[in-house]
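Protein chains: 2
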Amino acid sequence: MSTEPLATIDTELDEQITDLLRRSDQRFTKGRRALVEALLAGGQPMTIHQVLETDTRLAQSSAYRNLVVLEAAGVVTRIVTNDDFARYELAEHLTHHHHHLICSSCGDVTDFALDDQAEAGLDAALHKIAAATGFTVEAHRLDLVGVCSDCD
Amino acid sequence: MSTEPLATIDTELDEQITDLLRRSDQRFTKGRRALVEALLAGGQPMTIHQVLETDTRLAQSSAYRNLVVLEAAGVVTRIVTNDDFARYELAEHLTHHHHHLICSSCGDVTDFALDDQAEAGLDAALHKIAAATGFTVEAHRLDLVGVCSDCD
DNA sequence: GGCTAGACGGAAACGATTCTCATTCCGATT
DNA sequence: AATCGGAATGAGAATCGTTTCCGTCTAGCC
Chain C
842 MSTEPLATID TELDEQITDL LRRSDQRFTK GRRALVEALL AGGQPMTIHQ VLETDTRLAQ
902 SSAYRNLVVL EAAGVVTRIV TNDDFARYEL AEHLTHHHHH LICSSCGDVT DFALDDQAEA
962 GLDAALHKIA AATGFTVEAH RLDLVGVCSD CD
Chain R
842 MSTEPLATID TELDEQITDL LRRSDQRFTK GRRALVEALL AGGQPMTIHQ VLETDTRLAQ
902 SSAYRNLVVL EAAGVVTRIV TNDDFARYEL AEHLTHHHHH LICSSCGDVT DFALDDQAEA
962 GLDAALHKIA AATGFTVEAH RLDLVGVCSD CD
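Chains C and R supply the protein sequences, listed in that same order.
Sequential numbering from 842 applies to the first sequence in the working numbering.
Sequential numbering from 842 applies to the second sequence in the working numbering.
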């Protein structure tokens, strides 16, 4: 497998991922590396189909399985929208905290970030809620649903 | 069908729904009324299975079909989480703007609202983003993912 | 009463995801 | 470098929530 990587995983990222996987007793194999490279090259949340198209050497069953492994290890995040396909992207702590623009017409997902002030305000409000409800917060998800400029 | 409604749809709500449906050339039939009653009685987002259990007179195929109709008409909203079941609840404009606490352990979804100030701040920030990206915003979705007090 | 378009319900079809299992790969050990 | 053990892989089959089909029934209308 693997001849021409679509995107290069630099040493630091490589070590982070290897480490994350090791914590779940998993190895950073070639197939998993190819998945991460595809996601890195994609630059935005991708469906399994998109990933498989990007790198035809990947077997569908392995892609599904390994994305589950990578998600469990905290390397990638699974995003569910309203269309029928799950999407994956690199986890936030390997990139940066962000949110999603979801196109209700074509299903495409792109990333965006709030400015620091808005994010801080949001965070404070959410902590209040969490405290009031006895809910242990792991993450917050903020999506904008609308129509992207392509579909408009 | 329909003998003992689980929850009563007051006149105002009834008219609103009838009107929404009429705009998509659909009628507010007994089966659809039963669905809305079940959702109303549930008081929180429900899976199809929960809806069907609530009212055993409902046929599965009709429930799925009618929920699609009701969603297209803007009467209900479909919520997709990370577990395997889609959930439905009454649309925001028939209730009030709110967000979701999603339990990553049991999949349960409950509603919460931000205080007005936080919501306004969020809204302002999102409008900025939308303007900058050429994205036409239809709605925003804010979910808190974590562990509910039952699962803790 | 009949007529017609739409709604209904049971069952079959669909499709994204998961499972199975035989095979291959990887790393450690002699 | 040969071997062994356990994990990873890939092709296809199985799963299961959801959707669609299709014959039947209803509601509304003349």
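For each residue, glycine too, the CB sits at the ideal point set by N, CA and C.
A quick note: this is a predicted structure, and the numbers were derived from the prediction, not measured.
Original post:
Got a sec? Which residues, its chain only, sit under 7 Å from L861(C) by beta carbon, not counting five neighbours each side?
Top reply: Result list for L861(C): A914, G915, V916, in chain order.
Subject >> Pairwise C-alpha distance: A973(R) and L955(C) >> reply: Each residue's alpha carbon lies about 12 Å from the other.
Subject >> Nearest to Y929(C) (by Cα), restricted to the options S990(C), V877(C), K871(C) >> reply: Across the set S990(C), V877(C), K871(C), the C-alpha of V877(C) shows the shortest separation from the C-alpha of Y929(C).
Original post:
chain R beta carbons: is any one of them nearer than 8 Å to that of A875(C)?
Top reply: So no, A875(C) is outside the interface.
Original post:
Among all the DSSP beta bridges, which residues are the ones paired with V892(R)?
Top reply: V892(R) is bridged by DSSP to nothing; it lacks a bridge partner.
**OP:** Might you give, ordered along the chain, the residues of its own chain that have their beta carbon closer than 7 Å to the beta carbon of V988(R), omitting 5 neighbours on each side?
**Re:** Around V988(R): C944, S945, S946.
Original post:
Would you say V978(R) reaches chain C, if we count a Cβ-Cβ gap shorter than 8 Å as a contact?
Top reply: True, the Cβ-Cβ gap to chain C drops below 8 Å.
Original post:
Can you find a CB in chain C that lies within less than 8 Å of the CB of I889(R)?
Top reply: It does not: the Cβ of I889(R) has no partner Cβ on chain C nearer than 8 Å.
Original post:
Which partner residues does D952(R) have in the DSSP bridge list?
Top reply: Here D952(R) is bridged, per DSSP, to H941(R).
Original post:
Who are the Cβ neighbours of T895(C) in its own chain at under 8 Å, not counting the five residues just before and after it?
Top reply: The residues are L847, A879, A882, G883, M887.
Subject >> Against chain C: residues of the segment 924 to 943 of chain R by CB proximity under 7 Å >> reply: For the segment 924 to 943 of chain R, the set of residues with a beta-carbon nearer than 7 Å to any beta-carbon of chain C comprises L942, in chain order.
Original post:
Quick one: which chain C residues come within Cβ less than 9 Å of L963(R)?
Top reply: Simply L955, A959, G962, L963, A966, L983.
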